[in-house]
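There are 2 protein chains.
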Amino acid sequence: MRVLDGRKTAILRAVIEDHIQTADPVGSETLAHRLRLGVSPATIRNEMAALEEMGYLSQPHTSAGRVPTDRGYRLYVDAVLMEARLTPQERARVTRPVPVAEGPGRMAEAAARTLASVTEYASVVAPPRTDHLLFKHVHFIPFGSTRVMAVIVTNAGVTEGKMLDLGEGLDPDDLDRLSRMVSRRLEGHRLDEITDALLAEVVHEAAWQQRAVRELAAWLHRYLPMVQRRVFIDGAANILKQPEFQDIRTAQPVLLALQQEEIFSDLLGGSSGRAVWITIGTENPHEVLHACSVVAATYGPHDMPVGALAILGPTRMKYGKVIAMVRYLAHSLSQALGDAV
Amino acid sequence: MRVLDGRKTAILRAVIEDHIQTADPVGSETLAHRLRLGVSPATIRNEMAALEEMGYLSQPHTSAGRVPTDRGYRLYVDAVLMEARLTPQERARVTRPVPVAEGPGRMAEAAARTLASVTEYASVVAPPRTDHLLFKHVHFIPFGSTRVMAVIVTNAGVTEGKMLDLGEGLDPDDLDRLSRMVSRRLEGHRLDEITDALLAEVVHEAAWQQRAVRELAAWLHRYLPMVQRRVFIDGAANILKQPEFQDIRTAQPVLLALQQEEIFSDLLGGSSGRAVWITIGTENPHEVLHACSVVAATYGPHDMPVGALAILGPTRMKYGKVIAMVRYLAHSLSQALGDAV
DNA sequence: GCTTAGCACTCTTTGGCGGTGAGTGCTAAC
DNA sequence: GTTAGCACTCACCGCCAAAGAGTGCTAAGC
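Here the protein sequences line up with chains S and B, keeping their order.
The first sequence maps to residues 1 to 341 in the working numbering.
The second sequence maps to residues 1001 to 1341 in the working numbering.
Dropping the structure here:
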């Protein structure tokens, strides 16, 4: 009774797959038809009672069918994780990613849009972290009388420019020399390896333009962590298409949460080292998302993920397709990054 | 009976302001109390019947109070437009705008966030158009063996970089010379005045690097219109806080529309030359937004608006505060732009 | 000992029904 | 032109009964 034998597994799976399709509780009669095990609804009822006792199913009320619990989904997802496949048609709907050279934000934004429109759930994409990128060039471009615009280029494209106020006049030729000098000293370093010591050296060498270099250094330290925390969210309103969010009181908290990027930068941060990871309902540390599941994947080189993407949908989610889709897009982005570097 | 005399105006105004606060139909008794005109509910009823006949009010059903029609709101808004004021506290909640030098997109995004969080409606901000900006510099930065990253700096900050493939090897010094040459030739021109003829001259002069310049020219022509059409939307889920969107069937179409930037770039495009303009309910060309009103403003120099921002809320909107807020933020952005240029 | 037919039981859903209350329009008097 | 009085309309609410879905239990069968 207490063991999860083959038949129980089959029944659990059938309940889950039926429920994912219909969004309704599943009854014993339906299952008897669907499963063709040659057993009667009564037997299925016994098995379902056992599955409920084990915590994999639950009943919304006495006279309803069964619904999977988060624990039931967990068992199912762990089993189905490896089988997830896309049809060629589905793959085709994921267009080529925007190259990272157009800007990491652009790439992430486009990926989020694709993911949301293909899956009809909400999507979250964290752009590639910039701290491990290699510094290539800095250009100081005169701007007004005392200000310069600093543009940093890395091996994966250009960062946004930063306006620095030098508080004194400056000569375009001096700026060019400064640009070349700083670039030469920092080129090839990972951004997060540009330490204070290294910057101090540069500042020392550029004694004649200390202020610009100091400002630049300060900016680097403040700017990089900030960019990392950005995430792009798209398709939030898609959750309103789901029957479980037809009641505004369940939908509203989730939609409001989807406006808070911080929640999702947290979520995508805790990758736990796995390529694809799934958070089901109450497993989520954020209480507002207890009615949702998150299917997430990291992308980047195998040994060092640099970004992450995720789908957020109801716990009653088409896990198979979503897992495959997330995995496939993560793979595409990884390749696009590989090409750029 | 058919003339809109002072008392009718006062009653219409009272109905609208009460309804904006409570979201419920307004009855004659409530008004008699509120208005202190020294007239009885019966008189007010007569007036309201007249206002209904004139098309300014309507009744949801026989035994309910009156509700303003779009036409009623229009009259009210045109009257209230000039009186709209913010308290110092409300002004204080609008933090200083992000300077455009951080990137026009950044500025617009931050403005959208502010607007949404202060008003509790949805906000839309179109970043400053870039086509009238003045070209300052272009820098070609070597990137791999045959590619360069082109970074354009304008008088209002840096644009995103663009990767150009030259198909042949190149020398850093040559690139520097090319950067200087092209910059010298284009500096001070408005981006939309960089015509094919002008570019042809440059290409001619840079005969030894034609391909890079051609690619750059092609990019300028494709890139600029695209950037213009971007808008940033924030606070979409805020409309779920409004009583009229408690039914998911009314909320869903609007929320889905709020995911489509195109709709709003259209909307902000049709400024009709006024500094602040308002679209009420069915006045909106987009049918999905017939339950909503849009309060929009342009920003930029007086004679040439370069961007726009808007609030989208239910037709039952706090027009007074929203108009003042939109006008004030537009003013702040205009100033911020003025400082940068 | 597992399976299953039969059946009573539970609980949601739906639709009908009368009471209540808010607000109106009309009429007649001021 | 204003207003008191009053009948009327209609949404809303709570109640109740019928229907339907699905269950758990029991007892019989293999």
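Backbone N, C-alpha and C define an ideal beta-carbon position, used for all residues, glycine too.
Check whether the Cβ atoms of residue i and residue j sit closer than 8 Å, and answer yes or no.
i          : j          : result
Ala1257(B) : Leu1289(B) : yes
Leu4(S)    : Val15(S)   : no
Tyr348(S)  : Val295(S)  : In the structure displayed, chain S extends from 1 to 341; residue 348(S) sits before or after that span and is not available.
Glu47(S)   : Lys241(S)  : no
Phe135(S)  : His204(S)  : no
Leu1312(B) : Cys1292(B) : yes
Val1151(B) : Pro1142(B) : no
Val26(S)   : His33(S)   : no
Ala1122(B) : Ile1233(B) : yes
Glu244(S)  : Arg316(S)  : yes
Ser1265(B) : Tyr1299(B) : no
Asp165(S)  : Thr146(S)  : yes
Val231(S)  : Val125(S)  : yes
Leu267(S)  : Val306(S)  : no
Leu1086(B) : Gly1072(B) : no
Pro41(S)   : Glu29(S)   : yes
Val138(S)  : Leu216(S)  : yes
Ala206(S)  : Leu178(S)  : yes
Gln1260(B) : Ala237(S)  : no
May I have the straight-line CA-CA distance separating residue i from residue j, to the nearest angstrom?
i          : j          : result
Ile248(S)  : Gly1281(B) : 23 Å
Val67(S)   : Val276(S)  : 25 Å
Ser183(S)  : Phe140(S)  : 10 Å
Gly1055(B) : Glu1283(B) : 15 Å
Leu1342(B) : Lys1162(B) : Past the boundaries of the shown model lies residue 1342(B); chain B is included only from 1001 to 1341, so the question cannot be answered.
Thr154(S)  : Gln1089(B) : 44 Å
Met1001(B) : Lys1321(B) : Residue confidence for Met1001(B) is low, a pLDDT of 45 falling below 50, so the modelled location carries little weight; the figure read from the coordinates is stated next. Cα-Cα distance, rounded: 33 Å.
Met1082(B) : Gly1006(B) : 19 Å
Ala330(S)  : Val1094(B) : 39 Å
Leu1051(B) : Gln1021(B) : 20 Å
Gln1210(B) : Asp1303(B) : 38 Å
Ile278(S)  : Pro314(S)  : 12 Å
Glu1109(B) : Ala1251(B) : 24 Å
Leu12(S)   : Ala1064(B) : 52 Å
Glu201(S)  : Asp174(S)  : 19 Å
Leu35(S)   : Pro128(S)  : 45 Å
Arg185(S)  : Val213(S)  : 12 Å
Ala49(S)   : Asp1024(B) : 49 Å
Ile239(S)  : Gly1235(B) : 16 Å
Trp1219(B) : Gly1105(B) : 19 Å
Leu1115(B) : Leu37(S)   : 60 Å
Val1080(B) : Val1326(B) : 14 Å
Arg229(S)  : Ala1297(B) : 31 Å
Thr62(S)   : Thr69(S)   : 16 Å
Thr1043(B) : Lys1008(B) : 11 Å
Ala1092(B) : Ser332(S)  : 46 Å
Arg1096(B) : Pro285(S)  : 34 Å
Ser1117(B) : Ala1084(B) : 19 Å
In the DSSP assignment, what are the bridge partners of residue i?
i          : result
Leu1164(B) : Val1148(B)
Asp1234(B) : Ser1123(B)
Pro314(S)  : Cys292(S)
Arg1190(B) : Leu1134(B)
Ser58(S)   : Val67(S)
Val26(S)   : Arg66(S)
Regarding residue i and the ligand SAM, is the C-beta to nearest heavy atom distance less than 7 Å?
i          : result
Met1304(B) : Because no ligand of any kind appears in the structure shown, any question about the ligand SAM cannot be addressed here.
What residues in the stretch 177–201 of chain S bring their beta carbon closer than 8 Å to a beta carbon of chain B?
-> Within the stretch 177–201 of chain S, no residue has a Cβ that lies closer than 8 Å to any Cβ of chain B.
Of the residues that make up the stretch 128–153 of chain S, which ones have a beta carbon closer than 8 Å to any beta carbon in chain B?
-> Listed by position along the chain: Lys136, His137, His139, Ile141, Phe143, Met149, Val151 and Val153.
Proximal residues, the stretch 1261–1293 of chain B versus chain S, C-beta separation under 9 Å | Of all residues in the stretch 1261–1293 of chain B, none has a Cβ within less than 9 Å of some Cβ in chain S.
Output the residue ranges of the alpha helix (DSSP H) runs that lie fully inside the stretch 256–308 of chain S and measure 4 residues or longer, sorted by chain position.
-> Note on the stretch 256–308 of chain S: whole alpha helix (DSSP H) runs with a minimum of 4 residues are 261–269, in chain order.
Could you please tell me which residues of the stretch 1238–1249 of chain B, in chain order, have their CB closer than 7 Å to any CB of chain S?
-> Of all residues in the stretch 1238–1249 of chain B, only Leu1240, Gln1246 and Ile1248 come within less than 7 Å of chain S when Cβ atoms are compared, listed by chain position.
Of all the beta strand (DSSP E) runs that stay within the bounds of the stretch 66–142 of chain S, which reach a length of 3 or more residues?
-> Qualifying beta strand (DSSP E) stretches, in chain order: 122–126.
Of the residues that make up the stretch 1026–1060 of chain B, which ones have a beta carbon closer than 7 Å to any beta carbon in chain S?
-> Those would be none; no residue qualifies.
What residues from the stretch 1304–1319 of chain B come within 9 Å of chain S, judged by C-beta to C-beta, listed N to C?
-> Of all residues in the stretch 1304–1319 of chain B, none places a beta-carbon less than 9 Å from a beta-carbon of chain S.
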